[in-house]
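Novice:
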Amino acid sequence: EDKVVQSPLSLVVHEGDTVTLNCSYEVTNFRSLLWYKQEKKAPTFLFMLTSSGIEKKSGRLSSILDKKELFSILNITATQTGDSAVYLCAVPNSGYSTLTFGKGTMLLVSP
Amino acid sequence: DTGVSQNPRHKITKRGQNVTFRCDPISEHNRLYWYRQTLGQGPEFLTYFQNEAQLEKSRLLSDRFSAERPKGSFSTLEIQRTEQGDSAMYLCASSFLSVPNYGYTFGSGTRLTVV
């Protein structure tokens, strides 16, 4: 059974801080790893990672995958209150028919 | 509308009643998924359709749950004889065949409260 573990489960930082969120995984046939941001409702897609060591970047957010050590990190620099959300990590099964999610990291950015 | 639409947004029901939720996926997407999310947990897979065929069901989907996708368009998820443990956010998502570079597109969910 595929497994995804995220840490920390919650985090409170001050605006302007840099945060690193962790995701470790165990999957039968690794295809990719996905990061989502969830603000109370629909999870919205952030990144899809398939190759080790290649950083994906979007504005202040970046993510990287280590397929040897089976983990990924999501970095957010210069955090803003609008970054407050739950960040979810997920891995698809080999047929991409299902996603296994971690419990998420709840990030609160205080002004 | 280019997003995944779910109705109703909220549903409060008494234990033992039946409820039905609807999901309208992005029109060109041929895969449709249902997930359930409880407080403090990530979404958990329930079932998915490719066109009108239901191809996989999770063991979480008890006999009280049934999903349909007639004509491969919208989908409904029905829960019969609801229990308090069914209280959760039910998320629908859609995609084109396999997970594209932007991943699934999720709807805003239907929050079910069973009292």
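Top to bottom, those sequences are chains U and C. Mind the numbering: the first sequence is residues 31 to 141 in the numbering used here, read in order. Mind the numbering: the second sequence is residues -18 to 96 in the numbering used here, read in order. Ideal Cβ positions, reconstructed from N, Cα and C, are used throughout, including at glycine. It should be emphasised that the depicted structure is a prediction, and the values quoted were computed from it without experimental measurement.
(1) With a threshold of 8 Å on Cβ separation, who are the neighbours of U:GLY46 within its own chain once the five nearest residues in sequence on each side are excluded?
(2) Alpha carbon to alpha carbon, how far is U:LEU39 from C:TYR71? Give it in angstroms, no decimals.
(3) Starting from the Cα of U:ILE106, find the closest Cα among U:LEU100, U:LYS97, U:LYS98, U:GLU85 and give me that residue.
(4) Determine, using beta carbons only, whether U:LYS133 comes closer than 8 Å to chain C.
(5) Between the beta-carbon of U:LEU198 and the beta-carbon of U:LEU79, is there less than 8 Å?
(6) At 8 Å on the CB atoms, spell out the chain C contacts of U:PRO38, in chain order.
(7) Is the beta carbon of U:LYS71 within less than 7 Å of some heavy atom of the ligand ADP?
(8) For C:PRO51, which of helix, strand or coil comes out of DSSP?
(9) Looking at the unbroken beta strand (DSSP E) that takes in C:LEU36, where does it start and where does it end?
(10) Which residues of chain B have a Cβ atom closer than 7 Å to the Cβ of C:LEU36, listed in chain order?
(11) Do we get a CB-CB distance below 8 Å when we pair C:PHE87 with the residues of chain U?
(12) U:VAL121 and U:GLY134: beta carbons closer than 8 Å?
(13) Between the Cα of U:ASN59 and the Cα atoms of U:LEU129, U:LEU138, U:GLN36, U:ALA72, which residue gives the shortest distance?
(14) Can you list, in chain order, the residues of the region 17 to 33 of chain C whose Cβ is nearer than 7 Å to any Cβ on chain U?
(15) Is U:ALA115 close to chain C? Criterion is C-beta to C-beta, closer than 8 Å.
(16) What do you reckon, are the CB atoms on C:GLY88 and C:CYS4 nearer than 8 Å?
(17) Pick out whichever of C:LEU36, C:ARG45, C:TYR16 has its Cα sitting closest to the Cα of C:LEU78.
(18) Taking Cβ-Cβ distances shorter than 9 Å, what residues in chain U pair up with C:GLY90?
(19) Is C:LEU58 closer than 8 Å to C:LYS(-8) when the C-beta atoms are compared?
(20) What do you get for U:ASP113, buried or exposed, if any count of 16 or more other CB atoms within 10 angstroms of its CB means buried?
(21) Beta-carbon separation of C:SER68 and C:PHE30 under 8 Å?
(22) Measure how close the beta-carbons of C:THR63 and C:GLY(-3) come, nearest whole angstrom, since I'm counting them as under 8 Å.
Specialist: On the basis of the data shown:
(1) Spatial neighbours of U:GLY46 in its own chain (CB-CB distance under 8 Å, excluding positions within 5 residues in sequence) are listed in chain order as ALA108, THR109.
(2) Near 22 Å, if we compare the C-alpha coordinates of U:LEU39 and C:TYR71.
(3) Ranking the options by Cα distance to U:ILE106, first place goes to U:GLU85.
(4) Flagged as an interface residue toward chain C: U:LYS133, by a C-beta distance shorter than 8 Å.
(5) Residue coverage of chain U in this structure runs from 31 to 141, which leaves residue 198 of chain U outside it and unanswerable.
(6) Simply none; closest approach about 13 Å.
(7) Among the ligands in the structure shown, none appear at all, so the ligand ADP cannot be discussed.
(8) DSSP places C:PRO51 in helix when its eight states are reduced to three.
(9) Unbroken beta strand (DSSP E) run through C:LEU36: 34 to 38.
(10) Here chain B cannot be found, since the structure's protein chains are U and C.
(11) Closer than 8 Å: yes.
(12) In this structure, U:VAL121 keeps its C-beta atom at 8 Å or more from the C-beta atom of U:GLY134.
(13) Considering only alpha carbons, the answer is U:LEU129.
(14) From the region 17 to 33 of chain C, only GLY21, GLN22, GLY23, PRO24, PHE26, TYR29 have a Cβ closer than 7 Å to chain U.
(15) Not one chain C Cβ lies under 8 Å of U:ALA115.
(16) Taking the C-beta atoms as reference points, C:CYS4 is found nearer than 8 Å to C:GLY88.
(17) The shortest C-alpha separation from C:LEU78 is found at C:LEU36.
(18) Chain U residues near C:GLY90: LYS71, ALA72.
(19) Contact check for C:LYS(-8) against C:LEU58 fails: the beta carbons are separated by 8 Å or more.
(20) Classification of U:ASP113: buried, given that the 10 Å Cβ count is 16 or more.
(21) Their beta carbons are not under 8 Å apart, which means C:SER68 does not touch C:PHE30 by this criterion.
(22) Rounded, the Cβ-Cβ distance is 7 Å, consistent with contact.
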